[in-house]
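Numbering-wise, the sequence shown is residues 4 to 50 according to my numbering.
Have a look at the structure below, then the notes.
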Amino acid sequence: MKRTVQNIIDVKGSDVWSIDADASVFEALEFMADKNIGAVIVVHGGE
4 MKRTVQNIID VKGSDVWSID ADASVFEALE FMADKNIGAV IVVHGGE
């Protein structure tokens, strides 16, 4: 079956989570566990 971006969004959801670069790895892991996600975008100064 050929998957489209829409198929993936339907299954995974469209939420995008980020964490500040000043956060520790442990804080990032806690955040990811709380949100039940497997990846997070690391941003510096909101960018």
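Glycine is no exception: its CB is placed at the ideal position from the N, C-alpha and C atoms.
Beta-carbon gap between I22 and A31 smaller than 7 Å: Against the sequence shown, residue 22 aligns to sequence position 19. Against the sequence shown, residue 31 aligns to sequence position 28. Yes, the Cβ-Cβ distance between I22 and A31 is below 7 Å.
Cα-Cα separation between A42 and V28, rounded to whole angstroms: Stepping through the sequence shown from its first residue, residue 42 is reached at position 39. Stepping through the sequence shown from its first residue, residue 28 is reached at position 25. Each residue's alpha carbon lies about 12 Å from the other.
Of the listed residues A24, D25 and V8, nearest to S17 (C-alpha basis): Numbered from its first residue, the sequence shown carries residue 17 at position 14. That would be V8, whose Cα lies nearest to the Cα of S17.
DSSP-derived helix/strand/coil call for D37: In the sequence shown, residue 37 corresponds to position 34, counting from 1. Reduced to three states, the DSSP call for D37 is helix.
Cα-Cα separation, I12 to V46: Residue mapping note: residue 12 aligns to position 9 of the sequence shown, counting from 1. Residue mapping note: residue 46 aligns to position 43 of the sequence shown, counting from 1. If you draw a straight line from the Cα of I12 to the Cα of V46, it is about 22 Å long.
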